[in-house]
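What follows is a single structure, written as structure tokens, with notes after it.
Chains as they are written, first to last, in my numbering: chain V, 19 to 116; chain E, 433 to 625.
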């Protein structure tokens, strides 16, 4: 197996995730796109752990834990936005705009 | 008996190739890569928010399959447990609690589709160019696994746990603190009072 086939797959997943963050309007869907990005990073970590040492797997586990925490707090924030605005439309959150 | 040993000696080098090029693994990789890319595209394009969460299951399962192909079993099992077991359920709860439109809805995307496609294509071009330039056709060697015990043992999981509870003990403890902070933060944010 080539090193690059995994790296290119993860690059494609990363790109799709970035596209989702830019295009999606619903807060929950933006969080799902962020999950795609985080998983792409994890594939890279595991690929390079076959190359340079077991530390990549350790950091992939750390990333999984941090992603779980991020989803928890992120969904709590989305829920709070829904409670205040009656909508999770990210584009409507323009109170900081002058 | 002598001839049998001779035949085995002749056959065995044929079935153990020199490189790590492995046809079944590559077939599995190709199939799951196509499925994963399709599912990821559906996650960011589907008009039904519950379907997006369910397509995300396919992507996350495919990532776990990648870990198995890369012989990282412990991370693969963690991926299945944490992502498929917990994160997807959290997302479905989020969909439910924010009263998202459950059927087909045209109101999920904003009007930045052209910018999104432009950024995506440019990013993919830069990343692919950089990856192909720097790694070319170099083979996966699994060189880092050579020091640990071979197949049919749990040697690699042992090595991972040695690393977590040895060299990376302090980051691991920091991580548990972070999880506690996230737990308290999520409760404080979502509490109704």
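No residue lacks a Cβ here, since even glycine has one placed at the ideal position from N, Cα and C.
Values in this document were obtained by computation on a predicted structure and should not be read as measured data.
Beta-carbon proximity of residue 558 of chain E to residue 76 of chain V, cut-off 8 Å
Residue 558 of chain E sits at position 126 when you count from the first residue of the second chain. Residue 76 of chain V sits at position 58 when you count from the first residue of the first chain. No.
Find the residues of chain A that neighbour residue 571 of chain E, judging by a C-beta separation of less than 8 Å, and give them in chain order.
Of the protein chains in the structure, V and E, none is chain A.
Same chain, Cβ closer than 6 Å to residue 536 of chain E, five either side skipped, listed in chain order
Counting from 1 along the second chain, the entry for residue 536 of chain E is found at position 104. Counting only Cβ-Cβ distances below 6 Å, and skipping sequence neighbours, we find 479 and 480.
Chain V contact residues for residue 511 of chain E, given Cβ-Cβ distances below 7 Å
Counting from one through the second chain, the residue named residue 511 of chain E turns up at place 79. Those are 82, listed as they occur along chain V.
Does the beta carbon of residue 449 of chain E come closer than 8 Å to any beta carbon on chain V?
For this step, residue 449 of chain E is matched to residue 17 along the second chain. Note on residue 449 of chain E: pLDDT 47, under 50, position unreliable in the model; the coordinate value appears next. With 8 Å as the cut-off, residue 449 of chain E does not count as an interface residue toward chain V.
Bridge partners - residue 57 of chain V, DSSP secondary structure assignment
Within the first chain, numbered from 1, the residue matching residue 57 of chain V stands at position 39. The beta-bridge partner set that DSSP reports for residue 57 of chain V is empty.
Minimum C-alpha distance to residue 544 of chain E - residue among E:477, E:500 and E:594
As a working note, residue 544 of chain E is residue 112 in the second chain. Nearest of E:477, E:500 and E:594 to residue 544 of chain E, Cα basis: E:477.
Does the distance between the C-beta of residue 36 of chain V and the nearest non-hydrogen atom of the ligand GDP fall short of 7 Å?
What this structure holds is no ligand at all, so the ligand GDP is not there to describe.
Going along the chain, which residues of the segment 87 to 109 of chain V sit with their C-beta nearer than 7 Å to a C-beta in chain E?
Along the segment 87 to 109 of chain V, the positions whose C-beta sits under 7 Å from a C-beta of chain E are 87, 89, 90, 91, 93, 94, 95, 96, 97, 98, 100, 106 and 109, read in chain order.
Contact residues within the segment 40 to 53 of chain V, judged by C-beta distance below 9 Å to chain E
The segment 40 to 53 of chain V vs chain E, Cβ under 9 Å: 40, 41, 42, 43, 44, 45, 46, 47, 49, 50, 51 and 53.
In whole angstroms, what separates the C-alpha of residue 507 of chain E from that of residue 95 of chain V?
Residue 507 of chain E sits at position 75 when you count from the first residue of the second chain. Residue 95 of chain V sits at position 77 when you count from the first residue of the first chain. So the alpha carbons of these two residues sit roughly 28 Å apart.
Would you decide whether residue 573 of chain E is buried or exposed? Buried here means 16 or more other CB atoms lie within 10 Å of its CB.
As a position in the second chain, residue 573 of chain E is number 141, starting the count at 1. In summary, residue 573 of chain E is exposed, with fewer than 16 beta-carbon neighbours lying within 10 Å of its beta-carbon over all protein chains present.
Any residues in the segment 485 to 513 of chain E with a beta carbon nearer than 8 Å to a beta carbon of chain V? Which ones, in chain order?
If the cut-off is 8 Å between Cβ atoms, the segment 485 to 513 of chain E has 485, 488, 491, 492, 495, 498, 499, 501, 502, 503, 504, 506, 507, 510 and 511 near chain V.
Ordered along the chain, which non-local residues of its own chain (more than five positions away) have a Cβ less than 7 Å from that of residue 24 of chain V?
As a position in the first chain, residue 24 of chain V is number 6, starting the count at 1. Counting only Cβ-Cβ distances below 7 Å, and skipping sequence neighbours, we find 61 and 65.
Neighbourhood of residue 39 of chain V by C-beta, 8 Å cutoff - its chain only, sequence neighbours within 5 removed
Numbered from its first residue, the first chain carries residue 39 of chain V at position 21. Cβ contact annotation for residue 39 of chain V (same chain, cutoff 8 Å, sequence separation greater than five): 48, 51, 52 and 55, in chain order.
Please say whether residue 63 of chain V and residue 81 of chain V have beta carbons closer to each other than 8 Å?
Against the first chain, residue 81 of chain V aligns to sequence position 63. Against the first chain, residue 63 of chain V aligns to sequence position 45. Contact: yes.
Does any residue of chain V have a CB that is nearer than 8 Å to the CB of residue 574 of chain E?
Counting from 1 along the second chain, the entry for residue 574 of chain E is found at position 142. With 8 Å as the cut-off, residue 574 of chain E counts as an interface residue toward chain V.
State buried or exposed for residue 598 of chain E, treating a residue as buried only when at least 16 other CB atoms are found within 10 Å of its CB.
Position 166 of the second chain, counting from 1, holds the residue named residue 598 of chain E. Exposed, since its Cβ has fewer than 16 Cβ neighbours within 10 Å.
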